[in-house]
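Asker: Can you read through this structure? Questions will come right after.
And the structure:
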């Protein structure tokens, strides 16, 4: 369950990094900003494994409260950066660009993202 929490939180961090880099037009036109999501997830997993292996302290305590705060803070920053209108489309565009599937419409991605968060939230509570 700890790995699921770590992957869930790192997905949110990766999405926030992608949204922030998406705002830079020069950077967004030259690289695939969706690549930051799996890179962040992989780096978080590696760092967590190294901390667990070499440290006896439990630094990465990702409990329900910290995960909820993480979601709220990252969502608030994303809404401030993008606005209420663009927040509905940009995350789907970033994921669509990240997996190189531009022929699928935004609504499918939008509902897939909502389902993803609902499923992960279910696992966080139970």
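Residue numbers (this note's numbering): 821 to 946. Virtual Cβ for every residue (Gly too), placed ideally from N, Cα, C. All values derive from a computational prediction rather than experimental measurement.
Beta-carbon separation of residue 907 and residue 899 under 8 angstroms?
Answerer: Residue numbering aside, residue 907 sits at position 87 when the chain shown is read from its first letter. Residue numbering aside, residue 899 sits at position 79 when the chain shown is read from its first letter. Closer than 8 angstroms, so yes.
Asker: Taking C-beta to C-beta, are residue 914 and residue 842 nearer than 8 angstroms?
Answerer: By 1-based counting over the chain shown, the position of residue 914 is 94. By 1-based counting over the chain shown, the position of residue 842 is 22. Yes, these two residues count as a Cβ contact at 8 angstroms.
Asker: Going by C-alpha to C-alpha distance, which of 872, 903, 855 and 887 sits closest to residue 834?
Answerer: For the purposes of this step, residue 834 is taken as the residue at position 14 of the chain shown. Answer by Cα proximity: 855.
Asker: Distance cutoff 8 angstroms, beta carbons only. Does residue 895 sit that close to anything in chain B?
Answerer: Absent here is chain B; the protein component of the structure consists of one chain.
Asker: Taking DSSP as the reference, what is the three-state secondary structure of residue 919?
Answerer: One-based indexing of the chain shown puts residue 919 at position 99. Coil, per DSSP.
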